[in-house]
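Oh and the sequence shown: position 190 is 190 in this note's numbering, straight run, nothing missing. Contents: one structure, followed by commentary.
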Amino acid sequence: MTTSLVTDYRASEWTDLVHKGQRLVGSESSTQFALGDIGLEMVPLPPRGKRPPMKAYKLLANYAEEIGLESERFEEYRLVAGAWPKKQRAKNVCWTVHAILSHHHDRFDMIDNAPVYRRTGERRWTCNAAHRALGWKTQVPETMEERLRQVEDLLDDETTVEVVERAMRRPAVVKRIAEKPQVRETFNRAQADRIREAREETRKRPEVQKLNEQQEVLTVLGLCSAFASGIGRSLPGLHLAELSDDAKDSIREGLSRVTAAVGWTEHVLETGSTDMDAALERLIAGES
Numbered sequence: 001m002t003t004s005l006v007t008d009y010r011a012s013e014w015t016d017l018v019h020k021g022q023r024l025v026g027s028e029s030s031t032q033f034a035l036g037d038i039g040l041e042m043v044p045l046p047p048r049g050k051r052p053p054m055k056a057y058k059l060l061a062n063y064a065e066e067i068g069l070e071s072e073r074f075e076e077y078r079l080v081a082g083a084w085p086k087k088q089r090a091k092n093v094c095w096t097v098h099a100i101l102s103h104h105h106d107r108f109d110m111i112d113n114a115p116v117y118r119r120t121g122e123r124r125w126t127c128n129a130a131h132r133a134l135g136w137k138t139q140v141p142e143t144m145e146e147r148l149r150q151v152e153d154l155l156d157d158e159t160t161v162e163v164v165e166r167a168m169r170r171p172a173v174v175k176r177i178a179e180k181p182q183v184r185e186t187f188n189r190a191q192a193d194r195i196r197e198a199r200e201e202t203r204k205r206p207e208v209q210k211l212n213e214q215q216e217v218l219t220v221l222g223l224c225s226a227f228a229s230g231i232g233r234s235l236p237g238l239h240l241a242e243l244s245d246d247a248k249d250s251i252r253e254g255l256s257r258v259t260a261a262v263g264w265t266e267h268v269l270e271t272g273s274t275d276m277d278a279a280l281e282r283l284i285a286g287e288s
């Protein structure tokens, strides 16, 4: 025996099926509220902040078992019936919508102000509309935000990376993404962070640390060698002893700067700290 899945209906056929389903749902809703009212008759809702005694829950559970219903479902019927007094219940709204909206403190006003149903343009409550009214995730997404939320719920980090990578193969997608300033800023920041991390990882490699050490040593030795060789070449040909006192004082000021720089270098070698006080900074810079 073969079966087939029919997916196309004429408008009149679809309308007939919808009306039939609505009548069945309405009948089911009446039954669910009727069962909830029985539960309320057996155990009325207690004042806010209080709970019924355990024997009351046992009574409800025993009754649910006698009629072939799960105790949790029967308790749900009772609570929803308690949230919706008979005069506040909407006849053309299914029980499930009442159950969803029962969590909202303005439910009585909300039930009378149904949103527009996008497929027909009429005002009516659906389960998705009720979820949307409470800010919950909808089962059938309609807006862009709802579709995105549904996709996000399906993707873990690893899959998301793969999806983004494949999406970036589409030139039109890449172009539109590149036009979004926030996306560019986020990507550039992530790229800069990755470059910094790579540099830090590179600096930690033993061979790189050794090269850096050699470079730093050569830098300081080069400065020392330049000063020493310069003095060694120039000093024998100078007549410092014949200079005026003012000239000698000027040379002594220069030597004090060199002495201070040498002392500061010794300090850095011992402590690793390159900080200097303001007076030393001015002295080395020749500002004092």
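We put the CB at the ideal spot given by N, CA and C, even for glycine. Quick caveat, the model's predicted, so the values are computed rather than measured.
If you draw a straight line from the Cα of histidine 98 to the Cα of tryptophan 84, it is about 8 angstroms long. A contact between stretches requires three or more CB pairs, one per stretch, nearer than 8 angstroms, and the region 32-42 meets this requirement with the region 70-81.
A Cβ-Cβ contact shorter than 8 angstroms links methionine 110 with histidine 104.
Contact between leucine 24 and glycine 39 fails: their C-beta atoms lie close to 23 angstroms from each other, not under 8 angstroms. Exclusion of the five residues before and after isoleucine 195 leaves no residue of its chain whose Cβ lies closer than 7 angstroms to its Cβ.
Looking at the DSSP output, valine 116 shares a beta bridge with Arg123. The residue among Thr126, Glu72, Lys137 with its C-alpha nearest the C-alpha of arginine 149 is Lys137. Within the same chain, no residue comes within 6 angstroms of valine 161 by CB-CB distance, once the 5 residues on both sides are set aside. In the structure shown, the three-state DSSP call for glutamate 201 is helix. Taking a contact as a CB-CB distance under 8 angstroms, the pair arginine 184 and alanine 178 counts as one, their CB atoms being some 7 angstroms apart. For aspartate 8, the three-state secondary structure derived from DSSP is coil.
If you look at valine 173, you'll find it in the alpha helix (DSSP H) that goes 171-178. Contact check for isoleucine 284 and alanine 247: beta-carbon distance about 22 angstroms, past the 8 angstroms limit, so the pair fails to qualify.
Apart from the 5 residues on each side of it in sequence, cysteine 224 has no Cβ closer than 8 angstroms to any other Cβ in its chain. CA-to-CA, the gap between glutamate 253 and threonine 274 works out to about 23 angstroms.
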